[in-house]
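In terms of the numbering used here, the sequence shown opens at residue 1477 and continues consecutively.
Heads up: the structure comes next, in structure tokens.
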Amino acid sequence: MIRTRLALAALFVAVLAAPAAGQGGGRVYAVDGDCDGRPRTLVRMADGYCLGRVWQRTGNDGPRMPRGLLELPDGDWLVTDLGSWDAGRGAVWRMSPTADGGVRWTRLIRGLSMPHTIARGPDGRVYVAEMSRILAFDPARPDAVSAAVEGLPDNRLHENRHPLSSFVFDGDGALLVNVGAPSDRCLNRAGAPVRDAQGQCAEGAEQGMVRRYAPAGRGRWGPDWTPWASGLRNSVAMVRHSSGPVFQAENSVDLTTPARPFDEINRLTAGGHYGWPYCTDMATALPGWTARQARCGERTAPVSLLPPHAAPLDMLYYEGAMFPQLRGRMLMSWHGYRRAAGRVVAIETDASGAPLTDRPARYAIYPQGSLPYPAEAPAPRARVLTPGWNAQPGRHPQGSPAGMAVARDGSIWIADDRAGAILRIARD
């Protein structure tokens, strides 16, 4: 009996000491001091910047895996919640600041499948991309949800790859929609290419591309689509510059070495083929495909490389007032877990929004140091805003920035899905 009581007491203590849901061991952001009105995290930032903690999940209230952010006119925020990598467990939440500096959560929509991108459309409604469709709703009436686009592939994570859809609105009102590739390299279990009658990847007819849905009026888009840009493994991060060009940040294939392949920034144009699953880096045939099959010289090359396995998940142009030095720059979140990821960067751009590049160049790695890009390859002229976001036990986890948004005051808000946190970059 005594032994049983001791065991139960030990179990009770272990339960009390367990980390909160959504955080995991070592995923808490410790704070000390003030960051423009928010508790200041201990993440080392670039000079002139600080990272405040807006919220971090400690119980059962609020999103489990926050991904996308959208500020509302009244100062509230909409947040997409992936929920888990299983269908039907995602949601859209409304985050309302409270007088004591905290936030109040209201779940507006539930039962979604891996929602990610959230944006306001040209008609004023809010659009949300989940795994197999794009929804539209009015935040004042979240019960009245309609489908803007349906029939996207049901690309489940553990059956295929790349289940997340995303989108941007083109200048003519068309929806440009990411449909991720169903596999890593279009190879079978024996490592041989899965080819069609023409010898090309048999998986590229409807997936691994950005589709174009033409507007059909009254906030709807027809069921018919055209392949707009193909050869793209996973275009979760896309952005349209105000002058018209559309850019994409490619999550490249999963080779086991941390040194390659490099991720990419591509300028998307109608009819372009950008290499998947044949080529990577500037023009290198991927294992499994011969140089003759890959025909890398015929593919559209990236405008810039990114560090290997950076896993870019969001990109936007900064036009806020808080950081004049960042105006016009392309902000990008690097979500991956390897040594080059866990960063938010600001990339210099030209008048068309294209990244300015350097040759030769290097990229930073954790815990310290840097590695070279390929000598003749273009690399982004970027400033890392979060140089110290590697894991530091007792202080903070390695950053997992997913979605970003620029608030009306010019601060940069970030969703960290692995830590279940909403963070805010402000002027130090």
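By construction, the Cβ of each residue, glycine as well, lies at the ideal position given by its N, Cα and C atoms.
Small disclaimer: the values here were computed from a predicted structure and weren't measured.
Cutoff 7 Å; reference residue i; Cβ partners in own chain excluding five residues on either side
i       : result
Asp1672 : Ala1678
Gly1647 : Gly1720
Arg1859 : Ala1522, Val1821, Ala1822
Trp1865 : Val1519, Gly1818, Arg1819, Gln1874, Gly1875
Leu1847 : Arg1838, Tyr1839, Ile1841
Close Cβ partners of residue i (< 6 Å) along its chain, the five nearest in sequence each way excluded
i       : result
Tyr1750 : Gly1707, Leu1708, Asn1742, Thr1776
Asp1790 : Ala1713, Ser1809, Gly1879, Met1880
Arg1665 : none
Gly1748 : Ala1705, Thr1776
Gly1796 : Val1882, Gly1886
Residue i in three-state terms, based on DSSP
i       : result
Pro1850 : coil
Cys1526 : strand
Gly1559 : coil
Arg1768 : helix
Gln1676 : coil
Thr1702 : strand
Gly1509 : strand
Glu1726 : strand
Pro1737 : coil
Trp1581 : strand
Glu1824 : coil
His1872 : strand
Thr1833 : strand
Pro1573 : strand
Gly1587 : strand
Gly1693 : strand
Pro1542 : strand
Ser1711 : coil
Ala1486 : In this predicted model, Ala1486 has a pLDDT of only 40, less than 50, meaning its place in the structure is not dependable enough to derive any value.
Assigned exposure category for residue i - 16 Cβ within 10 Å defines buried
i       : result
Asn1536 : exposed
Tyr1813 : exposed
Ala1668 : exposed
Asp1557 : buried
Pro1495 : Model confidence at Pro1495 stands at a pLDDT of 37, short of 50, so the residue's coordinates are unreliable and nothing is read from them.
Thr1745 : exposed
Gln1801 : exposed
Gly1656 : buried
Ala1575 : exposed
Ala1705 : buried
Val1619 : In the sequence under discussion, the amino acid at residue 1619 is Asp, which differs from the Val named in the question. The residue in question, Asp1619, is exposed, as its Cβ has fewer than 16 Cβ neighbours within 10 Å.
Asp1826 : exposed
Gln1724 : buried
Pro1542 : buried
Gly1528 : buried
Pro1598 : exposed
Thr1862 : buried
Asp1508 : exposed
Asp1803 : Note on identity: in this sequence residue 1803 is Arg, with Asp being the wrong assignment. Arg1803 is exposed by the Cβ-count criterion.
Glu1726 : buried
For residue i, the nearest candidate out of the options (CA to CA)
i       : options                            : result
Ser1622 : Met1880, Leu1611, Gly1845, Pro1573 : Leu1611
Ala1713 : His1638, Thr1732, Asp1660          : His1638
Thr1593 : Gly1513, Val1715, Tyr1505          : Val1715
Asp1834 : Asp1826, Ala1816, Pro1854          : Pro1854
His1811 : Pro1877, His1872, Asp1757, Arg1768 : Pro1877
Met1758 : Arg1805, Arg1771, Gly1747          : Arg1771
Leu1651 : Arg1665, Pro1699, Gly1544, Thr1760 : Pro1699
Ser1659 : Gln1683, Gln1674, Asp1885          : Gln1683
Arg1540 : Met1806, Pro1591, Tyr1849, Gly1649 : Pro1591
Gly1764 : Val1729, Arg1884, Arg1570          : Val1729
Gly1693 : Asp1614, Val1625, Met1685, His1717 : Val1625
Pro1856 : Phe1799, Glu1740, Leu1762          : Glu1740
Gly1524 : Ala1891, Ser1887, Asp1893, Asp1892 : Ser1887
Asp1893 : Leu1548, Glu1852, Val1555, Gly1796 : Val1555
Cut-off 8 Å between Cβ atoms - residues of its own chain near residue i, not counting five sequence neighbours on either side
i       : result
Ala1735 : Pro1784, Leu1847
Pro1869 : Gly1502
Gln1532 : Gln1499, Val1504, Tyr1505, Ala1895, Gly1896, Ala1897, Ile1898
Ser1642 : His1592, Thr1593, Ala1605, Val1653, Asn1654, Ser1711, Val1712, Ala1713, Met1714
Any non-hydrogen atom of the ligand FMN closer than 7 Å to residue i Cβ
i       : result
Gly1587 : What this structure holds is no ligand at all, so the ligand FMN is not there to describe.
Complete beta strand (DSSP E) runs within the stretch 1590 to 1618 (minimum length 3 residues, chain order): With a minimum length of 3 residues, the continuous beta strand (DSSP E) runs that stay inside the stretch 1590 to 1618 are 1594 to 1596, 1602 to 1605, 1610 to 1614.
Inside the stretch 1740 to 1803 only - alpha helix (DSSP H) runs reaching at least 4 residues: Listed in chain order, they are 1767 to 1770.
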